[in-house]
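First the structure, in the form of structure tokens, and then the observations on it.
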Amino acid sequence: MDHQTAVRLQASEKYLLGELPPAERDEFEEHLADCSRCMEDVSTFDIFAANARSVFEDRAAGLKLRQASSWVDWLRLKPLPALAFSGALNMAMAALVVYGAVAVLPRLHSLELPGASYSFNVRGLSRGAIPSVTVPPSSSYANARVDLLRQYQKYSYVLERLSGAHFRRSGVLAAAAGSDTLDIIVPVAGLEPGEYRLIVTGSDKDVSDEIGRCILTILPRK
Amino acid sequence: MEFQTFDAAYVRRLTDGDPATEAHFSAYFEKYLSMKLRSRHIAGAIADDVRQETLFRVLKTLRAGPGVSQPERFGAFVNSVCNNVLLELLHRKKRDGEAPEEPPEAADHRIDIDGSLISEERKRVVARVLDELSAKDREILRLVFFEDLDRKSICERLKVDPDYLRVLLHRAKARFQTAYTKRHGMVTHALLFLCNVAIMRITT
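Chains as they are written, first to last, in numbering that gives the first Met the number 0: chain B, 0 to 221; chain H, 0 to 203.
Below, the structure written as structure tokens:
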């Protein structure tokens with residue numbers, strides 16, 4: 000086989016593809032060993048084929064790897080859902096901050112400032128009807144004074160709204176040792192207008208007595 | 000490596016043991032024999048044995064035997080020696096009952112066979128050439144090289160002419176050759192430039 004015949008037969012391509020019949024293959028190999036041009040051609044084909052095979056193998060392996068880590072790809076390759084999720088979180092946080100600044104902070108702030116106090120006495124249940132007290136709109140605090148017939152180890156209170164939106168607060172009170180009165184200062188500036196019930200309890204180890212109760216009416220502020 | 004057209008002077012230098020010619024002979028025919036053996040799916044230790052035995056016999060024939068009658072067909076002579084070595088191997092295997100009809104085939108040793116040809120730089124160039132092809136052409140080459148499907152199946156599946164497949168291969172190879180040569184040329188020029196700068200700095 001001479002070079003012209005090899006070119007005409009596309010022998011290099013056929014040789015690489017394994018398409019040459021054995022007799023032609025042997026003829027071409029004989030020619031190939033002495034023909035620098037065909038040798039270069041087949042050598043380049045060979046290099047191209049080997050590296051193309053390796054590239055396709057790498058890509059197939061990469062595809063498998065991507066399928067295995069699909070949840071990571073979900074975040075990486077499709078940023079829109081991740082962005083939307085992050086945006087929603089940010090908006091929720093911003094709304095929280097705005098609510099705090101507009102609704103909560105002024106109330107907290109009002110508690111820190113000095114203000115007018117409305118004082119009244121709270122009687123125990125055994126001492127007659129439940130007193131009802133109307134706190135003037137100008138008052139920031141209601142000061143409920145309970146007469147202590149005896150000393151208890153612990154005092155606590157419950158303040159709850161009787162109508163409208165649910166509101167209930169409770170806590171422990173500290174009384175000065177030896178004092179015969181207990182002062183409960185209720186910050187009313189932050190309370191919604193309406194009727195509230197205040198119950199004061201004194202308790203020892205085994206005994207728990209209601210020592211005072213009253214109805215507070217908070218008027219709307221002007 | 001440069002490709003060679005053989006002549007009497009080359010064969011004489013090789014016979015006389017000229018180191019540069021010996022080095023060329025070894026590199027050139029190692030490559031040729033590797034391609035030949037690869038086309039027959041012969042790899043690994045057997046391929047090494049065939050290559051070494053062929054080169055050894057050629058040198059022995061030149062130095063201790065009758066030499067070659069047609070120095071300009073020295074390549075064909077090496078090829079015939081290799082064919083003899085392969086035939087002997089086949090007969091020996093047949094006698095030992097290992098391989099009755101065909102030379103040993105390495106069905107799952109494609110990576111071993113290709114190993115010496117693959118490099119990261121070549122892969123990068125090939126990947127670029129593949130990416131420049133149309134999706135259909137790329138798929139054809141994937142079926143040829145990766146899936147190793149027979150040509151008839153590929154042509155039927157993708158509705159292409161067998162000639163088109165060869166043309167596509169030829170085109171892809173030519174692009175690879177151009178890109179690789181260009182890249183290599185740039186690297187070589189850069190290295191030469193750096194060498195020249197270094198030499199100038201040393202000499203001045």
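Just so it is clear, CB atoms sit at the ideal spot from N, CA and C, and this is done for glycine as well.
Bear in mind the structure is a predicted one, so any value in this text is a computation, not a measurement.
Own chain, CB closer than 8 Å to residue i, minus 5 neighbours either side, in chain order
i, result
"R67(H)", "As written in the sequence, residue 67(H) is Val, which differs from the Arg given in the question. These residues qualify, in order along the chain: V10, T60, L61, F73, F76."
"V84(H)", "V49, E52, T53, R56"
"L243(B)", "Residue 243(B) is absent from the model: chain B starts at 0 and stops at 221."
"A173(B)", "Y154"
"T180(B)", "R144, V145, D146, L147"
"R121(H)", "Y179"
"L246(H)", "The structure shown does not extend to residue 246(H), since chain H is modelled only from 0 through 203, so no value can be given for it."
Proximal chain C residues relative to residue i, where beta-carbon distance stays under 7 Å
i, result
"S85(B)", "No chain C is part of this structure, whose protein chains are labelled B and H."
Interface flag, residue i vs chain H, CB-CB below 8 Å
i, result
"T4(B)", "no"
"E18(B)", "yes"
"V54(B)", "yes"
"N50(B)", "yes"
"A59(B)", "yes"
Coarse secondary structure for residue i, derived from DSSP in three states
i, result
"I183(B)", "strand"
"R168(B)", "strand"
"P103(H)", "Below a pLDDT of 50, predicted positions are generally treated as unreliable, and P103(H), at 49, falls in that range; the measurement from the model is reported next regardless. Coil, per DSSP."
"L162(H)", "Checking the displayed sequence, the identity of residue 162(H) turns out to be Asp instead of Leu. If DSSP states are grouped into helix, strand and coil, D162(H) belongs with the helices."
"D146(B)", "strand"
"E18(B)", "coil"
"V128(H)", "helix"
"D147(H)", "coil"
"G61(B)", "helix"
"L82(B)", "helix"
"R39(H)", "coil"
"A173(B)", "coil"
"I153(H)", "helix"
"A7(H)", "helix"
"R220(B)", "coil"
"L8(B)", "coil"
"D33(B)", "coil"
"G16(H)", "coil"
"D208(B)", "strand"
"G66(H)", "coil"
"G193(B)", "strand"
Chain B contact for residue i (CB, 8 Å cutoff)
i, result
"Q176(H)", "yes"
"V125(H)", "yes"
"S133(H)", "no"
"T14(H)", "no"
"Y163(H)", "no"
"H108(H)", "In this predicted model, H108(H) has a pLDDT of only 45, less than 50, meaning its place in the structure is not dependable enough to derive any value."
"F24(H)", "no"
"L140(H)", "yes"
"I41(H)", "no"
"S152(H)", "no"
Amino acids of chain H, ordered along the chain, whose beta-carbon sits closer than 7 Å to that of residue i
i, result
"V101(B)", "By Cβ distance, chain H contributes nothing, its closest Cβ being about 57 Å from V101(B), past 7 Å."
"E28(B)", "K35, N78"
Beta-carbon proximity list for residue i, same chain, < 7 Å, skipping 5 on both sides
i, result
"S118(B)", "N142, R144"
"R220(B)", "P136"
"A22(H)", "none"
"L19(B)", "A10, K13, F27"
"I129(B)", "R212, C213, I214"
"D40(B)", "S11"
"R123(H)", "none"
Partner residues on chain H for residue i, Cβ-Cβ distance less than 8 Å
i, result
"D33(B)", "T4, F5, E71, R72, F73, G74, A75"
Interface residues of chain B facing residue i [CB-CB closer than 7 Å]
i, result
"H169(H)", "E12"
"L129(H)", "A51, V54"
"K172(H)", "T43, F44, F47"
"R222(H)", "Since the displayed chain H opens at 0 and closes at 203, residue 222(H) lies outside it and no answer follows."
Cut-off 6 Å between Cβ atoms - residues of its own chain near residue i, not counting five sequence neighbours on either side
i, result
"S131(B)", "I214"
"N82(H)", "none"
Neighbour list for residue i in chain B, Cβ cutoff strictly below 8 Å
i, result
"Y31(H)", "L31, A32, M38"
"L116(H)", "D45, I46, A49, N50"
Within chain B, the residues that residue i reaches when beta carbons sit closer than 9 Å
i, result
"F55(H)", "Under the 9 Å cutoff, chain B gives no residues; its nearest Cβ is about 17 Å from F55(H)."
"S68(H)", "Those do not exist, as S68(H) stays about 14 Å from chain B at its closest Cβ, beyond 9 Å."
>> If contact is defined by three or more beta carbon pairs under 8 Å, each pair taking one atom from either stretch, is the segment 176-193 of chain B in contact with the segment 19-36 of chain H?
In response: no
> Pairing CB atoms from the segment 90-100 of chain B with CB atoms from the segment 164-184 of chain H, are three or more of them under 8 Å?
Replying inline: no
> Would the segment 166-178 of chain B and the segment 14-24 of chain H be scored as touching if the rule is three or more Cβ pairs under 8 Å?
Replying inline: no
>> Using 8 Å as the cut-off, can you tell me whether the segment 26-35 of chain B makes contact with the segment 51-63 of chain B, which would need three or more C-beta pairs spanning the two stretches below that distance?
In response: no
>> I'd like to know if the segment 202-212 of chain B and the segment 38-49 of chain H are in contact, where contact means that at least 3 CB-CB pairs between them fall below 8 Å.
In response: no
> Would the segment 23-31 of chain H and the segment 84-93 of chain H be scored as touching if the rule is three or more Cβ pairs under 8 Å?
Replying inline: no
> Can you find at least 3 beta carbon pairs, one from the segment 130-139 of chain H and one from the segment 4-12 of chain B, that sit closer than 8 Å?
Replying inline: no
> Any chance the segment 136-146 of chain H sits against the segment 48-56 of chain B, with 3 or more Cβ pairs inside 8 Å?
Replying inline: yes
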